[in-house]
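Reading through the structure tokens given below for one structure.
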DNA sequence: AATATTATGCAACAACGTTGCATTTAATGT
DNA sequence: ACATTAAATGCAACGTTGTTGCATAATATT
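Residue numbers (the working numbering), protein chains in the order written: chain A, 1 to 138; chain B, 1001 to 1138.
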């Protein structure tokens, strides 16, 4: 609870109940969340627009990052210290096609790629789809 | 022209002017296209819905594949022989943040990744964002 | 407690995508 | 070349997703 306030303050954001609730949703569910997921999780507590704006500010301030997906955009917590100035991510995202959950594999880095002459890379996004350990087990 | 018919027939599709036009749009513009791009390129010739359905069939039949993007879905031609039965892609997508175009780097394969125990990968999608050769030059 | 600044809710709108149904078109056999 | 069958299109309507402007409410600061 107090930790939420700290996180928000650390990113120069005012503490509001909506931001606390969105942030704790990300912390509790450990997988990536879409706007719709959050709307579902938070019920009628907040306006749709407020959630959109909360996601936008969290993105800008470096609290969450985008997770690409062939069926829509999701968001996940930034584990390492991201800030308004710089977002840095080079981990892999895994989406399970059985349970539908997408997770950050924080420990796995995206391997280097030798691009052809002239290409200047700035950011990388690798999504692997398949079956996750929980769903393989069943 | 005749080639378009061949391609469509090869994927067990009837030849219609809409399908020919959509297909040639993909062949002419060499970058990935969104539904909106196609609507723009084809003008008022076809109904919005028809373009959506054309994209859907092309996807299913293995003529085009999805290209993920943090600002929406795009589609690009499948270079290698994809079919209704199997789609196989392991090339890299590069999106230029200056000109906004996304291209398939057909010759670059996604490097192998050692996933933790229990993860069963099925498909890979790597998007690199940065500056493309044309925009670097300027 | 008063103030300045920021966040929220509401309304309205725009973009994106889907479904059902009647009509038109393409392929096939005669 | 024509009739038949099956599939594709256009239209209307709808649902979802995301954005913007503005008045109100809440937060941080003095």
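Glycine is no exception: its CB is placed at the ideal position from the N, C-alpha and C atoms.
Remember, predicted model here, so these are calculated numbers, not experimental data.
Indicate whether at least one CB of chain B lies closer than 8 Å to the CB of residue i.
{"i": "residue 58/A", "result": "no"}
{"i": "residue 21/A", "result": "no"}
{"i": "residue 49/A", "result": "no"}
{"i": "residue 26/A", "result": "no"}
{"i": "residue 102/A", "result": "no"}
{"i": "residue 119/A", "result": "yes"}
{"i": "residue 78/A", "result": "no"}
{"i": "residue 31/A", "result": "no"}
{"i": "residue 55/A", "result": "no"}
{"i": "residue 18/A", "result": "no"}
{"i": "residue 41/A", "result": "no"}
DSSP three-state call for residue i: helix, strand or coil?
{"i": "residue 16/A", "result": "coil"}
{"i": "residue 1009/B", "result": "helix"}
{"i": "residue 87/A", "result": "coil"}
{"i": "residue 40/A", "result": "helix"}
{"i": "residue 1052/B", "result": "helix"}
{"i": "residue 946/B", "result": "Missing from the structure shown is residue 946/B; chain B here goes from 1001 to 1138 and no further."}
{"i": "residue 28/A", "result": "helix"}
{"i": "residue 1115/B", "result": "coil"}
{"i": "residue 95/A", "result": "strand"}
{"i": "residue 80/A", "result": "coil"}
{"i": "residue 1061/B", "result": "helix"}
{"i": "residue 132/A", "result": "coil"}
Check whether the Cβ atoms of residue i and residue j lie closer than 8 Å to each other.
{"i": "residue 1046/B", "j": "residue 1018/B", "result": "yes"}
{"i": "residue 1013/B", "j": "residue 1061/B", "result": "yes"}
{"i": "residue 92/A", "j": "residue 55/A", "result": "no"}
{"i": "residue 1026/B", "j": "residue 128/A", "result": "no"}
{"i": "residue 95/A", "j": "residue 1070/B", "result": "no"}
{"i": "residue 86/A", "j": "residue 132/A", "result": "no"}
{"i": "residue 88/A", "j": "residue 1130/B", "result": "no"}
{"i": "residue 111/A", "j": "residue 1113/B", "result": "yes"}
{"i": "residue 76/A", "j": "residue 63/A", "result": "no"}
{"i": "residue 1142/B", "j": "residue 68/A", "result": "Residue coverage of chain B in this structure runs from 1001 to 1138, which leaves residue 1142/B outside it and unanswerable."}
Is residue i close to chain A, meaning its C-beta is less than 8 Å from at least one C-beta of that chain?
{"i": "residue 1082/B", "result": "no"}
{"i": "residue 1090/B", "result": "no"}
{"i": "residue 1128/B", "result": "yes"}
{"i": "residue 1086/B", "result": "no"}
{"i": "residue 1070/B", "result": "yes"}
{"i": "residue 1132/B", "result": "yes"}
{"i": "residue 1066/B", "result": "yes"}
{"i": "residue 1045/B", "result": "no"}
Give me the Cβ distance between residue i and residue j, rounded to the nearest whole Å; I'm assuming they're in contact under 8 Å.
{"i": "residue 1007/B", "j": "residue 1023/B", "result": "6 Å"}
{"i": "residue 1135/B", "j": "residue 1099/B", "result": "5 Å"}
{"i": "residue 97/A", "j": "residue 1122/B", "result": "7 Å"}
{"i": "residue 1030/B", "j": "residue 1107/B", "result": "Not really, about 14 Å apart at Cβ, beyond 8 Å."}
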